[in-house]
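The block underneath contains the structure these notes are about, expressed in structure tokens.
2 protein chains.
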Amino acid sequence: MSKDRKSYWEQKIRESGLRLTRARREIIEVLVDHSGPLSAREIFLILRSAFSPLELSTVYRNLHTFCARGMLREVDLGMGEKKFEFNSGEHRHHLICMKCGEVRFLGCPLPHLEDDISKKTSYDVVEHRLNVYGFCPICRNG
Amino acid sequence: MSKDRKSYWEQKIRESGLRLTRARREIIEVLVDHSGPLSAREIFLILRSAFSPLELSTVYRNLHTFCARGMLREVDLGMGEKKFEFNSGEHRHHLICMKCGEVRFLGCPLPHLEDDISKKTSYDVVEHRLNVYGFCPICRNG
DNA sequence: TTAGTAATGCAAATCATTTGCAAGAAGAAC
DNA sequence: GTTCTTCTTGCAAATGATTTGCATTACTAA
Numbered sequence: 001m002s003k004d005r006k007s008y009w010e011q012k013i014r015e016s017g018l019r020l021t022r023a024r025r026e027i028i029e030v031l032v033d034h035s036g037p038l039s040a041r042e043i044f045l046i047l048r049s050a051f052s053p054l055e056l057s058t059v060y061r062n063l064h065t066f067c068a069r070g071m072l073r074e075v076d077l078g079m080g081e082k083k084f085e086f087n088s089g090e091h092r093h094h095l096i097c098m099k100c101g102e103v104r105f106l107g108c109p110l111p112h113l114e115d116d117i118s119k120k121t122s123y124d125v126v127e128h129r130l131n132v133y134g135f136c137p138i139c140r141n142g
Numbered sequence: 143m144s145k146d147r148k149s150y151w152e153q154k155i156r157e158s159g160l161r162l163t164r165a166r167r168e169i170i171e172v173l174v175d176h177s178g179p180l181s182a183r184e185i186f187l188i189l190r191s192a193f194s195p196l197e198l199s200t201v202y203r204n205l206h207t208f209c210a211r212g213m214l215r216e217v218d219l220g221m222g223e224k225k226f227e228f229n230s231g232e233h234r235h236h237l238i239c240m241k242c243g244e245v246r247f248l249g250c251p252l253p254h255l256e257d258d259i260s261k262k263t264s265y266d267v268v269e270h271r272l273n274v275y276g277f278c279p280i281c282r283n284g
């Protein structure tokens, strides 16, 4: 029940010049209540299980709206669906459990990677994405 | 015209207990003639432009067959379509031009990353994928 | 050459995601 | 609170990548 985080983002919605609708409040609530990145379908199913009548397309539309305003960012963990997480501003990576899907955040292990590659290849390097896959402490034994 | 590389892979097809069909010969040929990873659709279009009658589904089926035999591997460069490249055996990453789509190979800049993360998180770490994005020397100016 | 089975063509299905459009609901102004 | 405007949503259909079912074709072993 992090009511403060929820109202923080609801505030952001208003500041962005967006209307604060039922759909937006509910999507933010789901994201705040779940620590890790979620896909549109996951959010949709969580909402449905709580008897929300929102449509999947509405979830998608709002997730993209939030990304466009910089509130969320889209992450591709290579598991079929794209996921969405709050945009903390800091550059980070993901460690994904291949069995249960748990996601942990990783700091960037290579701060000057982009410069190094830029020097070696003459590319104008803009960003990099690192995903690490394995089995979490629970799944590695179970 | 690397006829040797072509016959090397045709050999591999036979050794894998697969039939050497027209589709397989043509797909291998396209992959040998183009240095970087290609998507099923890209291979399909290259073949069509050479008047090959192969179906897109046949291209997909064979690419997956080759992956299952370890001849190819699938790489997700985050550009919509999955790409396929010969499986060199060595662990490597990709540098992708966001304008022209050129792909360069990168050695792994973090050889002991997996061990480090494993120690820190108690995960059984299995693999990691790194994609670097930017603009190639030609596109960064053009 | 032929039989047996794997591979292909073709069309339809599937999965994630997007879009068009009419109906509905925020929020500003009264 | 009511009204008006415009942004949002619902719903259904479209899209793009990929997969699948099934009848037909073509490898290859004998």
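Chains as they are written, first to last, in our numbering: chain A, 1 to 142; chain B, 143 to 284. For each residue, glycine too, the CB sits at the ideal point set by N, CA and C.
If the cut is a Cβ gap below 8 angstroms, which residues of chain B does residue i touch?
i: residue 27 (chain A); result: Simply none; closest approach about 24 angstroms.
i: residue 41 (chain A); result: Result: empty, since nearest Cβ-Cβ is about 19 angstroms, beyond 8 angstroms.
i: residue 110 (chain A); result: 251, 252
i: residue 54 (chain A); result: By Cβ distance, chain B contributes nothing, its closest Cβ being about 27 angstroms from residue 54 (chain A), past 8 angstroms.
For the beta strand (DSSP E) that residue i lies in, which residues bound it at each end?
i: residue 242 (chain B); result: No beta strand (DSSP E) contains residue 242 (chain B), which DSSP labels as neither H nor E.
i: residue 124 (chain A); result: 124-135
i: residue 223 (chain B); result: It is not in any beta strand (DSSP E) - residue 223 (chain B) carries neither H nor E in the DSSP assignment.
For residue i, return the contacting residues in chain B, with the cut-off set at a CB-CB distance below 7 angstroms.
i: residue 63 (chain A); result: Near residue 63 (chain A) there are no residues of chain B at all, since even the closest Cβ is about 17 angstroms away, more than 7 angstroms.
i: residue 131 (chain A); result: 270, 271
i: residue 95 (chain A); result: 259, 263, 265
Give me the chain B residues within the contact set of residue i, using Cβ-Cβ distance strictly less than 9 angstroms, ordered along the chain.
i: residue 135 (chain A); result: 265, 266, 267, 268
With which residues is residue i paired in a DSSP beta bridge?
i: residue 214 (chain B); result: B:228
i: residue 49 (chain A); result: BP columns for residue 49 (chain A) are empty, so no partner.
i: residue 249 (chain B); result: B:234
i: residue 39 (chain A); result: A:83
Out of curiosity, what's the CA-to-CA distance linking residue i and residue j?
i: residue 210 (chain B); j: residue 20 (chain A); result: 49 angstroms
i: residue 190 (chain B); j: residue 202 (chain B); result: 15 angstroms
i: residue 36 (chain A); j: residue 85 (chain A); result: 7 angstroms
i: residue 71 (chain A); j: residue 183 (chain B); result: 35 angstroms
i: residue 236 (chain B); j: residue 170 (chain B); result: 21 angstroms
i: residue 110 (chain A); j: residue 252 (chain B); result: 8 angstroms
i: residue 223 (chain B); j: residue 96 (chain A); result: 22 angstroms
i: residue 218 (chain B); j: residue 174 (chain B); result: 20 angstroms
Under 8 angstroms Cβ-Cβ, which residues of chain A neighbour residue i?
i: residue 240 (chain B); result: 126
Within the continuous alpha helix (DSSP H) that includes residue i, where are the two ends?
i: residue 5 (chain A); result: 3-15
i: residue 263 (chain B); result: 255-263
i: residue 168 (chain B); result: 164-175
Along chain A, in chain order, which residues have C-beta atoms closer than 7 angstroms to that of residue i?
i: residue 246 (chain B); result: 121
i: residue 218 (chain B); result: 78
i: residue 255 (chain B); result: 109
Quick one: which chain A residues come within Cβ less than 9 angstroms of residue i?
i: residue 282 (chain B); result: 122, 123, 124
Say the cut is 7 angstroms; is the CB of residue i nearer than that to a heavy atom of the ligand GTP?
i: residue 199 (chain B); result: Absence of the ligand GTP is noted for the structure shown, with no ligands found whatsoever.
Practice task
Say whether the segment 96-103 of chain A touches the segment 111-125 of chain A, bearing in mind that this needs 3 or more beta-carbon pairs closer than 8 angstroms, one atom from each stretch.
Solution key: no
Problem - Cβ pair count under 8 angstroms reaching 3, the segment 65-85 of chain A against the segment 119-126 of chain A - result: no
Handout entry: Contact between the segment 128-136 of chain A and the segment 152-159 of chain B (3+ Cβ pairs under 8 angstroms)
Key = no
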